[in-house]
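Enquirer:
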Amino acid sequence: MPRPHIVIVGAGFGGLSAAHGLGGADADVTVIDWRNYHLFQPLLYQVATAGLSPAQIASPIRAILRRAPNVRVLLGGVSRVDKERRTVTLEDRVLAYDCLVLATGARHAYFGHDDWESVAPGLKTIDDATAIRRHILVGFEKAEAVDTHEARRRLLTFVVIGGGPTGVEMAGAIAELARVALRHDFRNIDPREARIVLVEAGPRVLPAFPPVLSEAAHKALDRLGVEVRLGTPVTQCDEGGVTIGEERLEAATIIWGAGVAASSAANWLGVEKDRVGRVMVGLDLTLPGHPEIFVIGDTAHVPGADGQPLPGLAPVAKQQGAYVARVLRARLAGKPAPGPFRYRNFGTLATIGRRAAVADFGWIKISGTLAWLLWCVVHVSFLIGFRNRLVVILDWLWSYITFQSGARLITGPGSH
Ligand SMILES: Cc1cc2nc3c(=O)[nH]c(=O)nc-3n(C[C@H](O)[C@H](O)[C@H](O)COP(=O)(O)OP(=O)(O)OC[C@H]3O[C@@H](n4cnc5c(N)ncnc54)[C@H](O)[C@@H]3O)c2cc1C
């Protein structure tokens with residue numbers, strides 16, 4: 444009898460964790476991703492702000508899974524799922540499955556303002572990060588060359604929209620790039636005069652963290668010279684700048700960190716989705732009525748212990764991937780399935796510049812240098828590949844000691 448075929452779509456945190464858990468299982472596993480690499484998104488902002496190079500935060504999926512002989516990797520994009528025939532459709536083929544794991548993550552959401560995307564790019568992929576890096580660095584280059592104060596002011600104004608972890612980390616890193624790494628490199632401008640504005644429509648930054656840590660993050664941003672605007676939404680974004688409430692701000696660089704929506708998995712399945720497009724799944728992470736289909740990570744709506752949906756975080760996706768592998772292994776062995784999925788929260792972290800961070804472990808909340816050191820240890824240890832870990836540590840040490848950031852290359856379209 445042929446072995447069951449398990450298809451995993453997406454080799455992000457969730458899909459990769461499921462694939463790892465199924466390595467050596469009595470099943471054929473196919474992992475499909477439209478990228479050939481796994482991306483460590485939590486460090487993307489460092490690529491966007493010239494702290495790290497893309498290859499330091501990404502690893503080839505094929506290499507990561509090379510020790511699992513029953514797992515094969517296919518490069519391709521899934522655009523359709525047929526639940527009745529049990530097939531997924533890629534660009535060039537239709538693939539049958541016995542079990543399907545959808546782990547296709549999330550993308551930016553502009554809440555009905557899709558036209559803002561071209562002027563206020565979001566940060567989700569390596570291409571996004573290198574495009575933002577180009578935009579930021581070109582801003583300084585052009586400011587060095589222009590003659591008028593107004594033009595210089597606009598080129599040196601950077602607006603980050605959204606006060607969640609991505610927005611806070613981006614704003615802090617741009618401020619440090621301007622005030623520290625670039626400060627001696629220009630002759631006509633003083634990069635330290637750059638204006639970095641972080642706009643959050645809600646009443647505090649890092650709304651998912653306890654208020655005491657939001658306050659600590661706000662103070663750390665103040666110390667870096669970031670202007671934090673709270674309580675007023677952005678009402679317009681265009682080539683010239685942004686409008687915050689009624690106030691117009693001329694800015695050459697606008698970065699979007701305000702919202703995400705789930706991938707299109709709910710549309711492929713033709714099922715109920717929540718406000719941000721996530722598929723409603725049961726506590727065993729399967730689609731109601733379809734025990735052979737699992738949906739995990741940023742694409743799934745799974746209630747946590749407090750009844751609220753679990754947040755879109757890497758540990759949530761990883762734990763869900765590992766859980767699905769345990770369920771499938773139990774099924775393959777004819778054993779009873781494990782109990783419902785339960786997320787174990789080991790804590791959440793966000794960093795603000797070179798020496799400040801906030802860490803919420805529930806029972807203890809820390810901010811400042813200790814939290815920053817913890818942030819460094821956690822992020823390096825979760826990077827895939829020994830080489831990446833070593834190179835990132837060396838790069839961080841180097842920039843910490845020399846105040847330089849190593850990846851200040853302007854590449855891509857329009858770079859020459
Ligand atoms: C800038 C940024 C910073 C973040 N910082 C943190 C942080 O500090 N801490 C934290 O815990 N979380 C952080 N997150 C969130 C975290 O990265 C996500 O929660 C996590 O990646 C979700 O895992 P996932 O497996 O659901 O999706 P992803 O990791 O996004 O993986 C989805 C995979 O599916 C593939 N894919 C998508 N659609 C298709 C398709 N149609 N066909 C084939 N392949 C497809 C993609 O290429 C990708 O490899 C951050 C996210 C971003 C964007």
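Under the working numbering, the sequence shown has 737 at position 294, and the numbering climbs by one with no breaks.
From the three backbone atoms N, C-alpha and C, an ideal C-beta is built for every residue, glycine too.
The structure displayed is predicted, hence computed values, not measured ones.
Could you name each continuous beta strand (DSSP E) segment of 3 residues or more that falls completely within the stretch 482 to 563, going from the start of the chain to the end?
Expert: Taking only runs of at least 3 residues, the beta strand (DSSP E) segments lying wholly in the stretch 482 to 563 are 501 to 503, 514 to 518, 523 to 525, 530 to 532, 537 to 539, 542 to 545, 549 to 551.
Enquirer: With distances taken from CA atoms, which of R596, P646, A594, I632 is nearest G605?
Expert: Among R596, P646, A594, I632, the Cα nearest to that of G605 belongs to P646.
Enquirer: Just the C-alpha distance for V714 and L518, rounded to the nearest angstrom, thanks.
Expert: If I take the Cα positions, the gap works out to 26 Å.
Enquirer: Pick from A743, P734, A757, A793: whose alpha carbon is nearest that of L771?
Expert: Closest by alpha carbon: P734.
Enquirer: Quick one: does the C-beta of L712 sit closer than 6 Å to a heavy atom of ligand 1?
Expert: False, no ligand heavy atom lies under 6 Å from that Cβ.
Enquirer: Once you ignore the five residues that flank V881 on each side, which residues in its own chain have a CB closer than 6 Å to its CB?
Expert: Residue 881 lies beyond the stretch modelled for the chain, which goes from 444 to 859, so this question has no answer here.
Enquirer: Report whether the distance from the Cβ of P923 to the nearest heavy atom of ligand 1 is below 6 Å.
Expert: Residue 923 is absent from the model: the chain starts at 444 and stops at 859.
Enquirer: Determine the direct distance from the alpha carbon of L775 to that of S561, and round the result to whole angstroms.
Expert: Cα to Cα, S561 sits roughly 48 Å from L775.
Enquirer: I'd like to confirm something about V521: is its beta-carbon nearer than 6 Å to some heavy atom of ligand 1, or not?
Expert: It does: the Cβ of V521 is within 6 Å (strictly closer) of some heavy atom of ligand 1.
Enquirer: If you reduce the DSSP assignment to three classes, tell me which class D681 lands in.
Expert: If DSSP states are grouped into helix, strand and coil, D681 belongs with the strands.
Enquirer: Given a cut-off of 7 Å on the beta-carbon distance, is the pair T742 and T547 in contact?
Expert: Yes, these two residues count as a Cβ contact at 7 Å.
Enquirer: For a quick check, are the C-beta atoms of V722 and V544 less than 7 Å apart?
Expert: No; because the gap between Cβ atoms is not below 7 Å, this pair is not in contact.
Enquirer: Tell me the DSSP bridge mates of R672?
Expert: Partner(s): V642.
Enquirer: Kindly indicate which three-state DSSP category W711 falls into: helix, strand or coil?
Expert: If DSSP states are grouped into helix, strand and coil, W711 belongs with the helices.
Enquirer: Using only the alpha-carbon positions, how far apart do V450 and G466 sit?
Expert: Cα to Cα, V450 sits roughly 13 Å from G466.
Enquirer: Give the secondary structure of L826 by DSSP, where H, G and I count as helix, E and B as strand, and everything else as coil.
Expert: The answer is coil: DSSP assigns L826 none of H, G, I, E or B.
Enquirer: Going by C-alpha distance, which of P445, M444, G455 is nearest A765?
Expert: It is G455.
Enquirer: Does the Cβ-Cβ distance between R505 and V521 come in under 7 Å?
Expert: No. Outside cutoff.
Enquirer: Using 8 Å for Cβ pairs, my map puts A572 next to A704. What's the rounded Cβ distance?
Expert: Actually they do not touch by this definition, with Cβ atoms about 19 Å apart.
Enquirer: Thinking A586 and H448 are a contact (beta carbons under 8 Å), I'd like their distance in whole angstroms, please.
Expert: Not a contact, Cβ separation roughly 56 Å.
Enquirer: Report buried or exposed for R630, applying the criterion of at least 16 other Cβ atoms within 10 angstroms of its Cβ.
Expert: The residue is exposed, with fewer than 16 neighbouring Cβ atoms inside 10 Å.
Enquirer: Can you tell me the Cβ-Cβ gap for G615 and L599, rounded? I've got them flagged as a contact below 8 Å.
Expert: Wrong, their Cβ atoms sit about 17 Å apart, outside the cutoff.
Enquirer: Per DSSP, what kind of secondary structure is F456 in: helix, strand or coil?
Expert: Looking at F456 - three-state DSSP - the assignment turns out to be helix.
Enquirer: Could you check where the alpha helix (DSSP H) with P608 kicks off and where it finishes?
Expert: P608 -> alpha helix (DSSP H) spans 608 to 619.
Enquirer: Do you know how far the Cα of W699 is from the Cα of P512?
Expert: Between P512 and W699, the C-alpha separation is close to 41 Å.
Enquirer: Considering only DSSP beta bridges, list what W699 is partnered with.
Expert: The partner list for W699 (beta bridge, DSSP) reads G565, I604.
Enquirer: Determine the direct distance from the alpha carbon of E670 to that of R638, and round the result to whole angstroms.
Expert: Roughly 8 Å between the two C-alpha positions.
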